[in-house]
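Here the structure is laid out as structure tokens; the discussion comes afterwards.
Residue numbers (the numbering used here), protein chains in the order written: chain R, 1 to 270; chain C, 1001 to 1270.
As structure tokens, then:
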């Protein structure tokens, strides 16, 4: 299908689909620069306290938007696309913010009409790391269809001060499988070991606890998206678990005890 | 055996046994307050560059020291004690700085004459975390024999500005088995997974990498001391590895794929 594309010269109205923690964070930073429309049938009550001045909108109003941001969980992208598609105007840009990129890129390419441009993004931060502002924080951008990615990157870099990393869905998912895969895996294990010491700690353990603290309150869907929806995640965790097993075998076998250690164990056995 | 103890009213001369990375760090911070004697037959060359102004001494000179600090690896404590013991004067204080406390405390009680006081310490920092100074850093102190621990704690707190935590060898080893056991275990696994991303990273992953960076250059003996010489370490790592295996089973089993995920895997299989 070859449809003529209208060139979007400026973005005036942005629609945000999904108004969870991340949707609200974006709204706060985009509001000074754009007119916003927020769509989230599941959470109409949220608009009052956090979305003051935002317009809760009905899906058909999506036709007024120059840019539509999907801020729904990765698993909910296909159904959101189905609901949006008939209403998008020619030349509109659809952008997602999920923590994996291959799956949503394929879903957007398959589910959006040809007259719509597509950009994949992954802001490498959340409400926790952005609590003192977003300047200097990282965002990955994958151009998928059309030429709007460059203009969006320029805005994010020049106006919001983000550190923009241009990449592809596969390169992104490969790298992030390590970054988020390892962080969340380790954090999940550490949280299960609580109570952990807070007093007799080292600086490196404090950093480990800070890392854990940053992700432990993430929605359960985030961990599953990272582990299940990222096709490179399994290779990473297989390697992590295999190395852990090798380490266990190494430490458990070959137990030559120092004399002081044998005495210490004797004391504990008393 | 009941020997009368001379009360040490002031510490003038401190002997440091072992002049590795930690011995040198201590020397730098103690030098403004005490006369130092450094004993390390293995590293005479080190005195020239790092120990400027320090006096390389022979073991018999230990008799002049009011306080003797053992800064040797945990495994070398018993042989160091055997060499020192005949030369220690009555009322002298012997203090160790190892990352485990049960074993060295037993070794010092068994190996040092009754007329010597004993204090166990574990500075919860190293050359890496102390590179911007030691003020505010933590040190665990275990009184073992005699009453000098309180006076030493007062100096460390009042003069050096350390955060002093009074504890017992068993309480220390129990808590530190988690703190250092987990940090070093995780760091060892992550180092084996290098090259790890440095570009498309999250704040929590950056913290994880900082934690790893702080311990990855530790002498191999440190990891073994933590895992082998701490009698509580095995329980901690058993729990960590068991939780890791449960997590692996949980993530590998029960693989309900979302449609977008199945597509992504199909793409990768091409």
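A virtual CB, placed ideally from N, CA and C, is assigned to each residue, including glycine.
All values reported here derive from a predicted model rather than from experimental measurement.
Verify the CB distance criterion: does residue i have a CB-CB separation below 8 Å to chain R?
i	result
residue 1160(C)	no
residue 1037(C)	no
residue 1019(C)	no
residue 1140(C)	yes
residue 1167(C)	yes
residue 1022(C)	no
residue 1125(C)	yes
residue 1010(C)	no
Would you say residue i lies against chain C (beta-carbon separation less than 8 Å)?
i	result
residue 172(R)	yes
residue 143(R)	no
residue 215(R)	yes
residue 109(R)	no
residue 129(R)	yes
residue 15(R)	no
residue 45(R)	Low per-residue confidence applies at residue 45(R): pLDDT is 41, beneath 50, and the placement is therefore not dependable, though the value from the model is reported in the following sentence. It does not; no Cβ of chain C falls within 8 Å.
Identify whether residue i lies in helix, strand or coil by the three-state DSSP scheme.
i	result
residue 1213(C)	helix
residue 116(R)	coil
residue 127(R)	coil
residue 1032(C)	coil
residue 244(R)	helix
residue 85(R)	helix
residue 1132(C)	coil
residue 1103(C)	helix
residue 1079(C)	helix
residue 181(R)	helix
residue 63(R)	helix
residue 1253(C)	coil
residue 90(R)	coil
residue 10(R)	coil
residue 46(R)	With a pLDDT of 46 at residue 46(R), under the threshold of 50, the modelled position of this residue cannot be trusted; read the value that follows with caution. Of the three classes helix, strand and coil, the one that applies to residue 46(R) here is helix, per DSSP.
Checking the sheet assignment: what are the DSSP bridge partners for residue i?
i	result
residue 69(R)	16(R) and 95(R)
residue 1122(C)	1140(C)
Can you pull out the residues from the stretch 225–258 of chain R whose beta carbon lies closer than 7 Å to at least one beta carbon of chain C? Those would be 227, 228, 229, 231, 237, 239, 240, 241, 243, 244, 247, 248, 251 and 258, in chain order.
For a minimum of 3 consecutive residues, which ranges assigned as the beta strand (DSSP E) are wholly contained in the stretch 1134–1171 of chain C? Entirely contained in the stretch 1134–1171 of chain C, the beta strand (DSSP E) runs reaching 3 residues are, in chain order, 1138–1145 and 1163–1166.
Determine which residues of the stretch 1191–1212 of chain C have a Cβ less than 7 Å from any Cβ of chain R, and write them out in chain order. Taking a C-beta cut-off of 7 Å against chain R, the contacting residues of the stretch 1191–1212 of chain C are 1192, 1193, 1196, 1197, 1199, 1200, 1201, 1202, 1203, 1204, 1205, 1207, 1208, 1210 and 1211, listed in chain order.
Please go through the stretch 184–232 of chain R and give each complete beta strand (DSSP E) segment of 3 or more residues, from N-terminal end onward. Whole beta strand (DSSP E) segments, 3+ residues: zero.
Please list the residues of the stretch 174–188 of chain R that have a C-beta atom closer than 8 Å to any C-beta atom in chain C, keeping them in chain order. Within the stretch 174–188 of chain R, the residues whose Cβ lies closer than 8 Å to any Cβ of chain C are, in chain order, 175, 176, 178, 179, 180, 182, 183, 185, 186, 187 and 188.
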